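Novice:
Protein chains: 6
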Amino acid sequence: DFLSALDDVKPLFGVAEEELSKRLRHGIIHFSPFIKDILEEGRLYINQVRKPESSPVLSVALHGPPGSGKTALAAKMAIDSGYPFIKLISAEDMIGFSEMQKVQQLDKTFRDAYKSPLSVIVIDSIELLLDWVPIGPRFSNTVLAALKVLLGKEPPKDRRLLIFATTTERSVLNQLDLFARFDAEIAVPNVNTQAELANVLRESGAFSDSDQQRAISEIQEITGSTEVGVGIKKILTGIETAKQDQDVPGRFARVMSRAIAASRGSQS
Amino acid sequence: DFLSALDDVKPLFGVAEEELSKRLRHGIIHFSPFIKDILEEGRLYINQVRKPESSPVLSVALHGPPGSGKTALAAKMAIDSGYPFIKLISAEDMIGFSEMQKVQQLDKTFRDAYKSPLSVIVIDSIELLLDWVPIGPRFSNTVLAALKVLLGKEPPKDRRLLIFATTTERSVLNQLDLFARFDAEIAVPNVNTQAELANVLRESGAFSDSDQQRAISEIQEITGSTEVGVGIKKILTGIETAKQDQDVPGRFARVMSRAIAASRGSQS
Amino acid sequence: DFLSALDDVKPLFGVAEEELSKRLRHGIIHFSPFIKDILEEGRLYINQVRKPESSPVLSVALHGPPGSGKTALAAKMAIDSGYPFIKLISAEDMIGFSEMQKVQQLDKTFRDAYKSPLSVIVIDSIELLLDWVPIGPRFSNTVLAALKVLLGKEPPKDRRLLIFATTTERSVLNQLDLFARFDAEIAVPNVNTQAELANVLRESGAFSDSDQQRAISEIQEITGSTEVGVGIKKILTGIETAKQDQDVPGRFARVMSRAIAASRGSQS
Amino acid sequence: DFLSALDDVKPLFGVAEEELSKRLRHGIIHFSPFIKDILEEGRLYINQVRKPESSPVLSVALHGPPGSGKTALAAKMAIDSGYPFIKLISAEDMIGFSEMQKVQQLDKTFRDAYKSPLSVIVIDSIELLLDWVPIGPRFSNTVLAALKVLLGKEPPKDRRLLIFATTTERSVLNQLDLFARFDAEIAVPNVNTQAELANVLRESGAFSDSDQQRAISEIQEITGSTEVGVGIKKILTGIETAKQDQDVPGRFARVMSRAIAASRGSQS
Amino acid sequence: DFLSALDDVKPLFGVAEEELSKRLRHGIIHFSPFIKDILEEGRLYINQVRKPESSPVLSVALHGPPGSGKTALAAKMAIDSGYPFIKLISAEDMIGFSEMQKVQQLDKTFRDAYKSPLSVIVIDSIELLLDWVPIGPRFSNTVLAALKVLLGKEPPKDRRLLIFATTTERSVLNQLDLFARFDAEIAVPNVNTQAELANVLRESGAFSDSDQQRAISEIQEITGSTEVGVGIKKILTGIETAKQDQDVPGRFARVMSRAIAASRGSQS
Amino acid sequence: DFLSALDDVKPLFGVAEEELSKRLRHGIIHFSPFIKDILEEGRLYINQVRKPESSPVLSVALHGPPGSGKTALAAKMAIDSGYPFIKLISAEDMIGFSEMQKVQQLDKTFRDAYKSPLSVIVIDSIELLLDWVPIGPRFSNTVLAALKVLLGKEPPKDRRLLIFATTTERSVLNQLDLFARFDAEIAVPNVNTQAELANVLRESGAFSDSDQQRAISEIQEITGSTEVGVGIKKILTGIETAKQDQDVPGRFARVMSRAIAASRGSQS
Ligand SMILES: Nc1ncnc2c1ncn2[C@@H]1O[C@H](COP(=O)(O)OP(=O)(O)OP(=O)(O)O)[C@@H](O)[C@H]1O
Ligand SMILES: Nc1ncnc2c1ncn2[C@@H]1O[C@H](COP(=O)(O)OP(=O)(O)OP(=O)(O)O)[C@@H](O)[C@H]1O
Ligand SMILES: Nc1ncnc2c1ncn2[C@@H]1O[C@H](COP(=O)(O)OP(=O)(O)OP(=O)(O)O)[C@@H](O)[C@H]1O
Ligand SMILES: Nc1ncnc2c1ncn2[C@@H]1O[C@H](COP(=O)(O)OP(=O)(O)OP(=O)(O)O)[C@@H](O)[C@H]1O
Ligand SMILES: Nc1ncnc2c1ncn2[C@@H]1O[C@H](COP(=O)(O)OP(=O)(O)OP(=O)(O)O)[C@@H](O)[C@H]1O
Ligand SMILES: Nc1ncnc2c1ncn2[C@@H]1O[C@H](COP(=O)(O)OP(=O)(O)OP(=O)(O)O)[C@@H](O)[C@H]1O
Ligand SMILES: [Mg+2]
Ligand SMILES: [Mg+2]
Ligand SMILES: [Mg+2]
Ligand SMILES: [Mg+2]
Ligand SMILES: [Mg+2]
Ligand SMILES: [Mg+2]
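Residue numbers (our numbering), protein chains in the order written: chain A, 55 to 322; chain B, 55 to 322; chain C, 55 to 322; chain D, 55 to 322; chain E, 55 to 322; chain F, 55 to 322.
1) Check the Cβ-Cβ distances between Asp301/A and every residue of chain F, and say whether any is below 7 angstroms.
2) If you draw a straight line from the alpha carbon of Pro243/B to that of Gly118/B, how long is it in whole angstroms?
3) Ala59/C by DSSP, collapsed to three states: which one?
4) Taking only heavy atoms of ligand 11 into account, decide whether any of them is closer than 6 angstroms to the Cβ of Thr125/E.
5) Give me the residue from Lys162/A, Ile189/A, Thr196/A, Ser194/A with the minimum Cα distance to Phe193/F.
6) With a threshold of 7 angstroms between beta carbons, is Lys207/D in contact with chain C?
7) What number of angstroms, rounded off, separates the C-alpha of Leu216/C from the C-alpha of Gly206/B?
8) At a threshold of 6 angstroms, does Lys162/E count as lining ligand 1 (C-beta to nearest heavy atom)?
9) Does at least one heavy atom of ligand 10 sit under 6 angstroms from the Cβ of Thr247/E?
10) Beta carbon of Pro87/C: closer than 6 angstroms to some heavy atom of ligand 3?
11) Beta carbon of Val203/F, beta carbon of Ala313/A: below 7 angstroms?
12) I want to see whether chain A comes within less than 7 angstroms of Gln298/B, judged by CB atoms only; does it?
13) With 16 as the cutoff for other CB atoms within 10 Å, does Ser86/C come out buried or exposed?
14) List the residues of chain F that Ser225/E touches, going by C-beta distances under 8 angstroms, in chain order.
15) Just how far apart, CA to CA, sit Val187/F and Lys76/A?
16) Which residues bound the alpha helix (DSSP H) around Ser122/D?
17) Pair every Cβ in the region 134-145 of chain A with every Cβ in the region 251-266 of chain A, then say whether three or more of these pairs are closer than 8 angstroms.
18) Would you say Leu116/C and Thr222/C are within 7 angstroms of each other, going by their C-beta atoms?
19) Given a limit of 8 angstroms on CB to CB distance, which residues of the region 116-145 of chain A reach chain F?
20) Given this structure, state the Cα-to-Cα distance separating Val111/C from Val176/D, to the nearest angstrom.
21) Do we get a CB-CB distance below 7 angstroms when we pair Phe67/F with the residues of chain E?
22) Note down, in chain order, each residue of its chain lying with its Cβ closer than 7 angstroms to the Cβ of Lys90/C, except the 5 sequence neighbours on either side.
23) Under a three-way DSSP split, which group does Val245/B fall into?
24) If you reduce the DSSP assignment to three classes, tell me which class Arg77/F lands in.
25) Please name the residue or residues paired with Arg213/F in a DSSP beta bridge.
26) Would you decide whether Lys124/B is buried or exposed? Buried here means 16 or more other CB atoms lie within 10 Å of its CB.
27) With a cut-off of 7 angstroms, does the C-beta of Ser109/A fall near any C-beta of chain B?
28) Using 7 angstroms as the threshold, is the C-beta distance between Leu290/F and His80/F below it?
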């Protein structure tokens, strides 16, 4: 029964892993000790769901600011789980879908997962799946209702399911009465300190030690602060843009300062 | 006539009982004397509907905070009623349904029930059936209208029907002019005191006496209060997570403290 | 012409009377002299419509608090009219209908009535037909529009029509510009005094004289008032529940006190 | 060309006249000199449209309180015009129509009218055609748009059209930017004074002189005022109800006083 | 290429001119020197579009109070342009059209115009095309979006297009972000002074010199002001109505005074 | 693989370039040194995307006031990129499309781009694609959701994509949570100073030196300011209109002054 179920889901398995690997294009840089803590907490939930006496479904929400690495971390955990069924649910694969079609896609993925004894589903960017827009506000009530039900639904006998979901909109999901339905939550942080930023720059290999120091002190000068507070994603793209310029650290400092300002603006 | 009606509904019967048993995975722990009172009040209504001279339809609303055990208690009462027709209506079985399809499903279940001389229907999580979202607010007017009518509709001659419904949203249902249409209501409480929590921990078998005491006193320390105020469901999941950790009582204390804080936040 | 028209509507007639009788399951208890006044006023309108020189259509709204007996009284008047065509329009028979289907059903019933020289139509719970919800507020504009037109529409030559309609939402219908379109209105009262309540208990045969007195004085004690203010329907159901208990008057007092509190809460 | 056009519209003609006559069931009572003024103003517009050198389309709005006789007066004018094409547009003939179907019906009636050299169209109760509800407010934008265009649209060559429209909602139509599109307006008054009321009672033949006086002075006593301010329609229905009672003037006084109170309530 | 394109559009041409002529039923009365200025400004734009080196599309908005003559002036300019393709877009030809059908009609007219080397399109009463209602406010977003795009869209190579559009709702179109998309605007004035009004009366031939003076001075008396401020259209209709009366100047004065009051009311 | 992909997209390529050239009808006038900076920044991003080690998708938003030249500049950059696949997405090609059809068109264009190793897509006037209207506000949530996803979606392996998008509504896109999803932004300025305006007039060849000076000083006189603040597009159209007049600089001054006033009005 276990093996035949496995056969059933194998073709899906490969596809999903490729999709998930694409989310890890820059790997995981350990710019802060929190990164290790997050990955360990993930392993804890992976073990809990393996235990036959524990609840057969467990849902974990990864939340944090834009570009902080939520999707990459969820992908990493899912890939490392070793579960036979792994699947990514993403708005990217539902462009032009009606609300009903999205719900059917969600439902189908869960039904597929129920065919495997052990499954992990990554639901990426819940706010995008919900078509959330702060003006109005607007969102898909149909998709929201389906997510609420699917998070709490018990799998069939002898089937066990772990759900990782990512979102930038923790407080919105709270207001929508969705966030509290997760069994656990993991906060994913920005790159916040100059030391953390230095770690990222070192790993990137694009900066000499002195360039790195110059870039960081120029950022401090422009922004008038030692705080960084930007997602790892923006930093990595900023490095790429800076590399096109003759003055790499100078360009990087200007690009980052703009990102820091934008990030502060949207927070307040 | 009685027997043929019974034959008619038998296949439905089995399915429903299995569905209802799944809601009782952790059984009913008597962590407080109120649990017995609730089950007794349920039996009172079960007896009333049996009486041929009383009204042929009676509806009872079980309301209480999230995870307090409403669904488990309603399932328990329905299974113990001994009525020939028992059926669960749940949003889980209606994912991706249109409003109209939900209403048709509701209507069909009631029509099926009317085929049996004695029936009990459990309507689980009315707020989910209504697609209630506080933002807007939004809800399905079509499903709401159907529920209003079905609660008051008299069964055909010689048919008698008991309805148990569960909800976390008593005051919302009141504003929607639905709650007052129930004939009776039962309040389901959280695990509120340290003594009640100790009862649950003892029953779980996962804590030694000293571990139990340590966990409870650590919770008091972190939350700064002797009040608990968390649903039995969160407590049971918290025990499962804690069991994965080397320091079981410590982990349990941290997980519970977070749950207590979240629970307080959503109340105020 | 008269006879052939009569033939046409006969099959409808029987069905309707059975439906209406179901609304009179507990008969009409004369707990107050107002009940007789109401029935007499009904007879006055029944006579008026019979007169060939008077307007060929007359509409009467019965309004009052929930469970006060509006539907039972309208059913009683319709059955006692002796008119050859009697029909009940109720949301119970339109579960899952679209707005358009409801309008077609309304229209059809009026067209059927126009086939008989003398007809009475009971429109039960207009607010339910309109899918009225105070949140929003929401209601079916399509059904509302149809009702407005049908109330004022003149029957074909030599056809005469009396309409009884019931509602708990007099002021809502007023705001919707529907109530003023009725030609007359009848207010249906709650059971308001201890004397009236005593009349109901006596008629029920479930209480000895001393039990009756004990129940009433316990209610006064719990609620701290001699006012009752509850619909006859809740009282009759309360008696049924109390009869399951060993302490009948005590249980009745508790159940009624809760109903009185709820009734006051919704009024203010 | 004139004659063949006439042939074309003849069958429509008869139907419409019957429909219009039904609106005149109680005739026109000259309870005030204003009634004659109104009918004369109608004749003026009828003459104007006949003149080949004047504008080929003219629209006149009759507005006034509920039941004041707007429809009856418009019907009277249309019937007395002697135009070869006369047609009534009423919500009564559009029950259950979609907005689009209403517009098509409107459009068709105008197209039919354009086939006759001289036509008069009565558009009854514009607010009902628009499904106007003050809550929201709601109304059919599609019907509104069609009316705006049809009022201003020039008929084909050698075709001339007069439009009478009735409404209780002058200020609403103003806000909807519809009222100003009428070429002329006629105000239809209530029965406002005791003298006017006496004229109506005398015409009805249901009151002796002394009964009449008693009724009027009782109304003054109950309402505490000599002002009447009720539509002729309510007065005529009130007389019919009173005739069922043994005490005709007494009943009439009570019924009228209620109507006067209701009328005052809705005005303020 | 030019000639074959011309052939293609010829049948459309005739129809449009007839339609446009109907809008000029009373011709253009030069009651003020502004009228000549307006027509000259129109000719300027007509010349500009003819120039091969200038932008191939130019849009001009005629805006002013109701009945001020916007449509007649746009029709006059279009007819006098001498362009091979002339077309009127009017809500009158789209009664009962869905929003999509309106857009398709708009799009088709522009595509037809693109077949001719030189085209002029008159878009009449944009606010009607948009189904604009101030309550809500409501309007067709679909038609609005199409108009925005069509105004800015460049014709194919060697095709040149002039657009005249009329509206009473300049400030609304501004808020809808439509007005600013016009390349030029022309303000059309009311008949504002007694001298201007006298010019109109003289041209109409319906008044002797003394009647004219009497009418004007009576208007001044009734309105208490020498200002007129009414559209030419209302004045011309008022003359027609007055001609049915024995006292032509007296009637005219009363009708105009009412129009002046209404016009002032809607302005403030 | 590269070549066959190229073959696939060739027919699309030609069409797009023609479409883009039409947006450059007046070329690029270097009225300010900023224009060169903008074009250089564009080249930087074009180089970055070429690099195989950098992120495979990069999106750049060109934002600025109406008519400031955003579309022309984006077209220029795209044409000069030398990428094998170039495509323009514009609301002009989607008149009368449903929201779903727009999304499908967007999706198709991106899929087509993914067939080429290097692609640039110009998304013109995002606010028009979204059917944005400030009243409401209204916008297409479906198109918005698709844009959000498409901006972040990673192309298939070995495919690289650069996106230029233009908008006048930077702050709206920010509120819609769309703007922050762009990797970079370029601000496009108005013609702001008299010196810049003089550069444009000189380039146009329509003004003698003295005419140019006269025009500019007349504008200063009328507007009472030396600030210009108008988009290059309005200035170029203004020159064309002025050329039809005998007094070219005078007419130009009047037209420009009106444009300056309008531009100021909409800013505050
Ligand atoms: N410690 C880290 N944690 C997460 N991602 C990292 C880390 N180090 C490097 N990365 C890289 O940073 C990028 C993070 O982007 P990712 O899309 O996961 O962020 P996100 O938070 O999901 O963004 P968004 O808010 O847009 O959904 C990935 O390319 C990933 O490989
Ligand atoms: N005394 C009890 N009452 C109810 N449930 C109990 C009790 N003791 C143990 N349980 C277990 O606790 C869990 C209660 O979960 P249940 O889903 O019934 O809660 P709920 O209130 O319906 O939650 P929700 O608000 O999410 O609908 C069940 O697994 C049940 O077996
Ligand atoms: N005097 C009475 N008037 C009305 N009903 C009475 C009376 N006496 C006894 N009854 C019984 O009370 C019940 C009244 O219920 P009914 O459904 O008519 O109330 P209702 O006002 O229509 O309720 P709702 O507000 O829910 O529509 C019926 O069962 C009826 O037989
Ligand atoms: N002077 C009168 N003017 C109008 N109607 C009169 C007059 N005298 C008698 N009637 C009668 O009064 C009734 C007026 O009713 P009618 O339906 O025309 O009123 P209404 O103003 O159109 O009402 P509603 O506001 O409901 O549309 C008709 O039956 C008509 O025959
Ligand atoms: N100087 C004038 N300018 C415009 N119209 C004139 C003039 N003199 C006479 N007319 C006549 O006045 C009428 C103007 O009506 P027209 O429908 O053009 O006004 P409008 O402003 O478009 O009205 P609306 O606001 O209702 O669209 C036409 O019949 C036209 O022949
Ligand atoms: N320096 C310049 N930058 C941009 N456009 C220029 C420049 N010089 C001349 N032009 C011309 O000015 C016009 C700019 O119009 P364009 O449509 O690009 O403006 P836009 O900002 O996109 O307008 P809109 O806000 O309406 O979309 C084009 O015809 C272009 O050829
Ligand atoms: Mg992500
Ligand atoms: Mg539950
Ligand atoms: Mg009822
Ligand atoms: Mg009427
Ligand atoms: Mg016009
Ligand atoms: Mg542009």
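Even for Gly, the Cβ is constructed at its ideal location relative to N, Cα and C. Nothing here was measured: the structure is a model prediction, and the numbers come from that model.
Specialist: Working from what's here:
1) What you label residue 301/A is simply residue 247 of the first sequence in a count that begins at 1. Not an interface residue.
2) Here residue 243/B refers to the residue found at position 189 of the second sequence. Here residue 118/B refers to the residue found at position 64 of the second sequence. Their backbone Cα atoms lie some 6 angstroms apart in a straight line.
3) Mapped onto the third sequence, residue 59/C falls at position 5. Interpretation of Ala59/C is limited by its pLDDT of 44, a score under 50 that renders its predicted location unreliable; the figure taken from the coordinates is listed afterwards. If DSSP states are grouped into helix, strand and coil, Ala59/C belongs with the helices.
4) Taking the first residue of the fifth sequence as position 1, residue 125/E is located at position 71. Thr125/E Cβ: within cutoff of ligand 11.
5) Against the sixth sequence, residue 193/F aligns to sequence position 139. Taking only the C-alpha atoms, the option nearest Phe193/F is Ile189/A.
6) Counting from one through the fourth sequence, the residue named residue 207/D turns up at place 153. Taking Cβ atoms only, chain C never reaches closer than 7 angstroms to Lys207/D, which makes this a no.
7) Here residue 216/C corresponds to residue number 162 of the third sequence, with the count starting at 1. Here residue 206/B corresponds to residue number 152 of the second sequence, with the count starting at 1. For Leu216/C and Gly206/B, the distance between alpha carbons rounds to 26 angstroms.
8) Position 108 of the fifth sequence, counted from the start, is the residue given in the question as residue 162/E. Lys162/E: no, Cβ never under 6 angstroms from ligand 1.
9) The residue you call residue 247/E lines up with position 193 of the fifth sequence. It does not: the Cβ of Thr247/E is nowhere closer than 6 angstroms to a heavy atom of ligand 10.
10) Along the third sequence, one-based indexing puts residue 87/C at 33. Checking the Cβ of Pro87/C against ligand 3 gives no.
11) Start at 1 with the first residue of the sixth sequence, and residue 203/F comes out as number 149. Start at 1 with the first residue of the first sequence, and residue 313/A comes out as number 259. Cβ distance not < 7 angstroms, so Val203/F and Ala313/A don't count as in contact.
12) The residue you call residue 298/B lines up with position 244 of the second sequence. It does: the Cβ of Gln298/B has a partner Cβ on chain A nearer than 7 angstroms.
13) Position 32 of the third sequence, counting from 1, holds the residue named residue 86/C. Ser86/C comes out buried.
14) For the purposes of this step, residue 225/E is taken as residue 171 along the fifth sequence, with counting starting at 1. Near Ser225/E there are no residues of chain F at all, since even the closest Cβ is about 11 angstroms away, more than 8 angstroms.
15) Residue 187/F sits at position 133 when you count from the first residue of the sixth sequence. Residue 76/A sits at position 22 when you count from the first residue of the first sequence. Roughly 37 angstroms between the two C-alpha positions.
16) The sequence position of residue 122/D within the fourth sequence is 68, counting from 1. Note, Ser122/D: premise wrong, no alpha helix (DSSP H); not H, not E.
17) no
18) One-based indexing of the third sequence puts residue 116/C at position 62. One-based indexing of the third sequence puts residue 222/C at position 168. It is not a contact, given that the beta carbons lie outside the stated cut-off.
19) Pro120, Ala145
20) Residue numbering aside, residue 111/C sits at position 57 when the third sequence is read from its first letter. Residue numbering aside, residue 176/D sits at position 122 when the fourth sequence is read from its first letter. Each residue's alpha carbon lies about 23 angstroms from the other.
21) Within the sixth sequence, residue 67/F is the residue found at index 13, counting from 1. No answer about Phe67/F holds up, because its pLDDT of 46 lies below 50 and its placement is not dependable.
22) Taking the third sequence and counting its residues from 1, one reaches residue 90/C at position 36. Closer than 7 angstroms at Cβ, skipping near neighbours: His84.
23) What you label residue 245/B is simply residue 191 of the second sequence in a count that begins at 1. Strand, per DSSP.
24) Taking the sixth sequence and counting its residues from 1, one reaches residue 77/F at position 23. The answer is coil: DSSP assigns Arg77/F none of H, G, I, E or B.
25) As a position in the sixth sequence, residue 213/F is number 159, starting the count at 1. Its beta-bridge partners do not exist; DSSP assigns none.
26) As a working note, residue 124/B is residue 70 in the second sequence. It is buried - the Cβ of Lys124/B has at least 16 other Cβ atoms within 10 Å.
27) Translated into the one-based positions of the first sequence, residue 109/A becomes position 55. Yes, Ser109/A lies at the interface with chain B (some Cβ there is under 7 angstroms from its Cβ).
28) Counting from 1 along the sixth sequence, the entry for residue 290/F is found at position 236. Counting from 1 along the sixth sequence, the entry for residue 80/F is found at position 26. Cβ distance < 7 angstroms, so Leu290/F and His80/F count as in contact.
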